[in-house]
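Residue numbers (the numbering used here): 27 to 156.
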């Protein structure tokens, strides 16, 4: 299986910031509603599943991929802890898995597109196409 091209640092920074914006918006909704917001619950579930996605991608490529170190040490344990803590506090978690997957895919596509656009604008359109 061919290795995908390595993105430049600007592309990575912009994509991470864009995903961070989505996570921050979900966190605000979670705080405002005591963990009962559907957007928050869908986002929390997608956050945890994203961790498993990082592990799967590394297994598929048989090597290091971005996020493979933090997925088992931060992302998945936090998702598990947050879900259990909210359940214990009475905020029953009922994520809508289809919506959560759509949210995650939309956020990923949007974040990576913004990163690509930032990279291309800095490098010039022809230089970014390789």
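Note that beta-carbon positions come from the ideal geometry of N, C-alpha and C, so glycine has one too.
The three-state reading of DSSP puts residue 124 in helix, counting H, G and I together. Classified as exposed, residue 50 has fewer than 16 neighbouring CB atoms from the shown chains inside 10 Å of its CB. Burial is judged here by how many other beta carbons sit within 10 angstroms of a residue's own beta carbon; residue 71 has at least 16 and is buried. Only residues of its own chain outside the window of five on either side were considered, and among them 68 have a CB closer than 7 angstroms to the CB of residue 125, listed in chain order. Beta-carbon to beta-carbon, residue 44 and residue 140 are separated by about 5 angstroms, close enough to satisfy the 8 angstroms threshold. Within its own chain, the residues whose Cβ lies closer than 8 angstroms to the Cβ of residue 94, once the five positions on either side in sequence are excluded, are 80, 81, 83 and 84, listed in chain order. Residue 52 and residue 104 have their C-alpha atoms some 15 angstroms from each other. Sequence-distant Cβ neighbours of residue 77 in its own chain, meaning closer than 6 angstroms and more than five residues away, are 97, 101 and 102.
Residue 92: not part of any alpha helix (DSSP H); DSSP gives it neither H nor E.
When the Cα atoms are used, residue 138 and residue 132 turn out to be separated by approximately 10 angstroms.
With fewer than 16 other Cβ atoms from the protein chains shown falling within 10 Å of its own Cβ, residue 115 counts as exposed. Counting along the chain, residue 62 sits inside no alpha helix (DSSP H), nor does DSSP assign it H or E at all.
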